[in-house]
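What follows is a single structure, written as structure tokens, with notes after it.
Residue numbers (our numbering), protein chains in the order written: chain G, 8 to 521; chain C, 19 to 388; chain A, 14 to 427; chain R, 10 to 346.
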């Protein structure tokens, strides 16, 4: 691809939220027809950077120039009108409306004052054809689409703004392998048209395949920007990680004993995961790594009875169980810290105390009095900083909210704690106390199973690492494995470490059913 | 709870988190700033205004009579509160009251021996109606608005059909005493109407119940059903119990109204909307998750005081609707803001991520930084 | 760039209006509807001066005077069967309807949503049984409008086109609104009987009603005025606005109260006893209440109990011949009067059908007697109606009908 | 494969229920010795649809946008008395009276919309309050019937084209306009968007208050049209005509029965009309069978709940997998489970 003109130039972007700097002095340069890969760990500032470009946030300092002119947006629509479209991780689609209606929402073509549905469908058709997409009808309801198809609609919507710049936040996160190919094709089409693309992904394979240039962010700072050709897997991972993790993660508490199996799965599966064999012992902290959409959360939901397993067996402390609901799972001694504390973890309008007692009250109401006595001490030991326990949790910081979530589960005295992204979106100090908590839980004979997108966390905290890919356990790695190894196993690229037995990337059953 | 002993790190000197953000006085003050607290002030203001307009209303006996007759609607509001706070509606309340009134009239009749068994039966009927509302709403997933609307039509029609539209007559006085009788010669108060005692007892019971796991779980379900489900809450049973409480409260209202007003099929007409109005006036959030049960009762008393004031001021009874309409719109508009103001901690230092309460559009609301 | 959707909304509705206007003119020009009504305008403006575009004014001096006179008029017929009595006046010749065949009667009922209507409805059904046994009436088809004007118009239209009716009986839900529909029924040439509330037309074969609201108002207001001092306060408890038979009661009473210096204040209660009790309680707190006037009896008990609960002297009171009031009246011994809005008119309508079938002339406006029950007569009526439910009416006039007294005691709505 | 196996939409189910009720109704009517399809009966059924239909169309718009309108019965009554008073029996006054009535309704709708969108008051409370306000005004200023519609205006109700009453055609016309509005105007598209997700709508550059206000205005105006048609039918204005028909709750029931989500964002006018028609057929058949009026209410109540239950559960079950189901395959697995 010939070197082309710079369409967007950002300089010295800095952004902090309430004293916590999430982005510091970052420069960015997007060229027409080129793909810029933006990589970094979770919390490195990628999303914030994207949101600044999209007009969701405005930077504290720094400038953004579009085709040489300084711009600043206060609303996403302004960014869109200026030619910057963003495809976010969460779909911003109306499930009950058709593909065409979603794409042209707010800009429906009109003739004689009426929405020209025919035109809209033709435009959509053309748009999709132009992107090389077939088999998607403009009139289809979005709800009836697969996630990959929804993703395509999102991208088509972004393109339809005549965007000169499209940023995509992990667009392949929820896609299966073959669906990714479709996306690659679309990106190829777009760059051929001279669109500049900002591409955020954890999948290194993709980064190398798609990107012309790669910018690495770490802790809000720009580590490097260089041509993709000058980097390789190992080097990129080193740049992304680039710090000693051992100091940050506490060691197991002395005297922690790994005991009997606390949780065992044999060939377990539901609509989302399949053939999971897993043994978790008391006193262990086991991490599950895997890309988004690899079925990590769904595995937890299977164990916890949210989407009960339909196949295989499960036992807790040797007793066979099959929880059909979270309630049953909790009774069996499980606890689950959910991925999204606001949507599924807390009742934001209730007080800290009420939230901390939420599970006990729901499942073991008779233990409420005891739990109520324990909560203040528990909250202090978690270092929750709050004015009082009658403060509503909506006014707490993310880290403190997360600690309240932990408190509400600890009051039930579980045998097995499932933690889905336990440190997402919280500050370093809070992270550290959550790590300490995990260790002390293990010391007390609790089994901890953790899902995390942050590789250092998985590697630093886990006694063993399980890696998931495409709804299956792809393998197991020992503590202290390198991030490269984990990533390779998770993405299924290049040489797999000898300790693993990689599952075939495309399970034959899927092929048949599809 | 023995687990979180952080032996690995020497804990910095921690002070336990206090139970309350403010002293008792401060908390009361903060409470008054919320709509749930403000309704008590509103009721007091209305009472003063009424007494000022006509000093006779300051007579303890008159106040007692007033509170006695407000008991049925206050109890209904308490019942409705449970349903609303769990995020649902109960439109069948008036029909349940009508049913109970007619049942009392027809089944007890002139036989004092039937008072107890029929009362038990009435409460069973109330519980059954609530159970049906709850199950249809939670398990069949029909919106509660529709379920209870259907129940309202069906129950009202059924009772009229079975009884010929009118009750045989008032039940024996022993039964009516529940809603009409009073303890005489009470110091200061002159006398105490039974309905007031029942209201006080039920209000205390309701307050205690809201402090029990059931009540807290109900608030949590109304606030965030998803989170409650994952916390092991049996959502269907919880909400069904709320519906049962609502119908039982309506049944008690009905029993009191038989005493207060006598048997008539139109007793209870429109109670569902009056009760919802009272609950909303009490600052309880439609959609669930917020509000105090006593405020709902206070809302009912404030509403009735308002009507009395209008009577005293010789406002035409036809204009009462208009006043009621204005009041509830204003109350709810203010409430949305009031809860924030009253519950926010003083000083903003701790309110770190208030940026997360989205004021600007934030696509990707659920994830933090990736 | 975007046009205001508000504007667009207005355009859309204006377009709807255009459609509306366009259609009606088109069709009225070249497709006069078959059932468009003869010419309602003339008939109405002719005999209903009150029904102009102005607000409905309920007090009409001429009607007041007429009913005042009728209170003391002589009624034709046997006093033992008051439901067949009438005041002498114009008669409708029904010879053309005379037949041997059992008739199909179509009854468009406003509703059975209050005890008075329920009692009448039961009586009517028992009368129907009697007439079916004597083969006068073959079948009566009833449509119940559930208190909705719109529904009742549809019901009448349905009867006209689909009912195969020999006789129409209409108990109008409201006066003015039902007039065109009644006129359409008249146009079929079949006998039309209207009872209870009236209509603004005289196309009917017979309009059956007791003397009327003014008479009620005169009886009751005179009674209260006689038993009270000038300046005494009377609380008037009214059910609902806008029903002629109720409005005229108050119109007459209000005038008399004013003439006699009685301080009367009126409330609408929807017949809800708890509302009634609250109103009285509040009034008692404000000051003495010496009299209670009611435009219907149900709820009277609650009114009396409000006095009892407040511990004050019972008022002078007028209720109705509903059993609940009669019983409470006797129990408390208050000074009272039970005016009557004769419930037996429900059976008179069917008996009128019998006369029509026989070709006997019937009064065009069949004014039934309407005599209040006084304290002296009370005991008799209580005794006769022993065992009846509270919602029953003492002067229901069905003692000679099949099923008496069981049917009324059971109060099973047909 | 998915498209071939696509289950019935809720509109499809409602229409199926309507067809079923028509068949059952025809049979029951025949048992009573009547003809369901006679012109008189068709007229009765269609007339039964007209008024509730108009109101339900407006209610659909309001519910689609995520609100509710409990003030419709009072708007109906108010417009009927105001227009009748203005007409005062004079044909020349018809146009100003109609415009006045529609204008007043639009103002009421505007007030509803403003309260809902800017004061953030739940539609339930905002319109309940508005209903009470109007009801107080009506009760204080109008005792009994009021005004008079001139003959020319009354012809609207009296006119029929074949067995089809003109009022029904007007209702259909409004329905058609509403359908066009929903499908062919930006306002309509934005109405769905705001009802489905205000956040997504805002991100797409839509001012979310506009559809909310417009829906409320249109709903009130349609209620006014219903009030005018009732005036044409009754010949006089009536301050209680709206409450007599229970149009608030019945219209909501019809809308939900028609497959529109009470939470908004999904539904259509056709479903609502089918819902209204189901009620009309039900009432018609119960009328023919001379069902006890009290039992009528029982049956209505049962039918409302039962009919909504038929698809309410399915709709909700199919919803959650929409964003997080990983692949089409798994979705299929989940559904066959």
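All C-beta atoms in this analysis are idealised placements derived from N, C-alpha and C, irrespective of residue type, glycine included.
In this text the structure is predicted, and so the values were computed from the model without any measurement.
| query | result |
| --- | --- |
| As a quick exercise: from 350(C), 262(C), 302(C) and 286(C), pick the residue whose alpha carbon is nearest that of residue 152(C). | 262(C) |
| Can you give me the C-alpha to C-alpha distance between residue 88(A) and residue 48(R), rounded to a whole angstrom? | 46 Å |
| Give me the Cα-Cα distance between residue 107(G) and residue 405(G), rounded to the nearest whole angstrom. | 38 Å |
| Could you give the distance in angstroms between the alpha-carbon of residue 339(A) and the alpha-carbon of residue 223(C)? | 42 Å |
| Tell me which residues of the segment 97-112 of chain G have at least one Cβ-Cβ distance to chain R shorter than 9 Å, keeping chain order. | 97, 98, 99, 100, 101, 102, 103, 104, 108, 109, 111 and 112 |
| What do you get for residue 36(R), buried or exposed, if any count of 16 or more other CB atoms within 10 angstroms of its CB means buried? | exposed |
| What's the call for residue 523(G), buried or exposed, on a 16-neighbour Cβ count within 10 Å? | Any answer about residue 523(G) is impossible in this case: the structure gives chain G only from 8 up to 521. |
| Quick check on the DSSP output: what are the complete beta strand (DSSP E) runs of length 3 or more inside the segment 285-356 of chain G, in order along the chain? | 292-297, 318-323 and 341-344 |
| Smallest Cα separation from residue 234(G): which of 220(G), 241(G), 227(G) and 383(G)? | 220(G) |
| If I measure Cβ to Cβ from residue 281(G) and keep anything under 7 Å in the same chain, skipping five residues before and after, which residues do I get? | 478 and 479 |
| Identify the continuous beta strand (DSSP E) that holds residue 198(R) and give its terminal residues. | First-last for residue 198(R): 195-205, but that is the alpha helix (DSSP H), not the beta strand (DSSP E). |
| Using the beta-carbon count (16 or more within 10 Å), is residue 129(R) buried or exposed? | exposed |
| What is the rounded straight-line gap between the Cα of residue 60(A) and the Cα of residue 57(R)? | The predicted position of residue 60(A) is uncertain, since its pLDDT is 35 and thus under 50; a value taken from the coordinates is nonetheless stated next. C-alpha separation (whole angstroms): 31 Å. |
| By DSSP, does residue 154(A) sit in helix, in strand, or in coil? | strand |
| What span of residues does the alpha helix (DSSP H) with residue 246(A) cover, start to end? | Where residue 246(A) is concerned, there is no enclosing alpha helix (DSSP H), although the beta strand (DSSP E) it sits in stretches over 246-251. |
| Assuming residue 308(A) is part of the alpha helix (DSSP H), what are its boundary residues? | Neither: residue 308(A) is in no alpha helix (DSSP H) and is coded neither H nor E. |
| Quick check: is the beta carbon of residue 285(A) nearer than 8 Å to any beta carbon in chain C? | yes |
| CA-CA distance, residue 394(A) and residue 128(C)? | 21 Å |
| What's the gap between the Cα of residue 183(R) and the Cα of residue 235(R)? | 11 Å |
| Residues of the segment 67-96 of chain R in Cβ contact with chain A at a cutoff of 8 Å, in chain order, please. | 93, 94 and 96 |
| Can you tell me whether DSSP reads residue 47(A) as helix, strand or coil? | Model confidence at residue 47(A) stands at a pLDDT of 34, short of 50, so the residue's coordinates are unreliable; what they give is reported in the following sentence. Looking at residue 47(A) - three-state DSSP - the assignment turns out to be coil, as it is neither helix nor strand. |
| Between the alpha carbons of residue 255(R) and residue 163(A), how many angstroms are there, rounded? | 12 Å |
| Under the three-state reduction of DSSP, which class applies to residue 231(G): helix, strand or coil? | strand |
| Can you tell me the Cα-Cα spacing of residue 75(R) and residue 338(C), whole angstroms? | 29 Å |
| Please list, in chain order, all residues of the same chain as residue 72(C) whose beta carbon is under 6 Å from its beta carbon, the five residues on each side excluded. | 330 |
| Flag this pair as yes or no: are the beta carbons of residue 107(A) and residue 409(A) separated by less than 8 Å? | no |
| By Cβ distance, which residues of its chain are closer than 7 Å to residue 201(C), with the 5 residues on each side in sequence left out? | 209 and 210 |
| Can residue 82(G) and residue 62(G) be called in contact, C-beta distance under 8 Å? | yes |
| Any beta carbon of chain R sitting closer than 8 Å to that of residue 124(G)? | yes |
| Going by beta carbon distance, what residues of the same chain come within less than 7 Å of residue 442(G), once the five residues before and after it are set aside? | 256, 257 and 468 |
| Quick one: which unbroken beta strand (DSSP E) runs of 3-plus residues sit fully inside the segment 167-221 of chain C? Chain order, please. | 200-204 and 208-211 |
| In chain order, what residues of the same chain lie with their CB nearer than 8 Å to the CB of residue 91(A), ignoring the 5 residues before and after it? | 97 and 98 |
| Determine whether the beta carbon atoms of residue 224(G) and residue 367(G) lie at a separation below 8 Å. | no |
| Give me, in chain order, the residues of the same chain whose beta-carbon lies closer than 7 Å to that of residue 285(C); leave out the 5 immediate sequence neighbours on both sides. | 115, 116, 119, 275 and 279 |
| Pick helix, strand or coil for residue 251(R), following the three-state DSSP scheme. | helix |
| Roughly how many angstroms lie between the CA atoms of residue 207(G) and residue 248(C), to the nearest whole one? | 32 Å |
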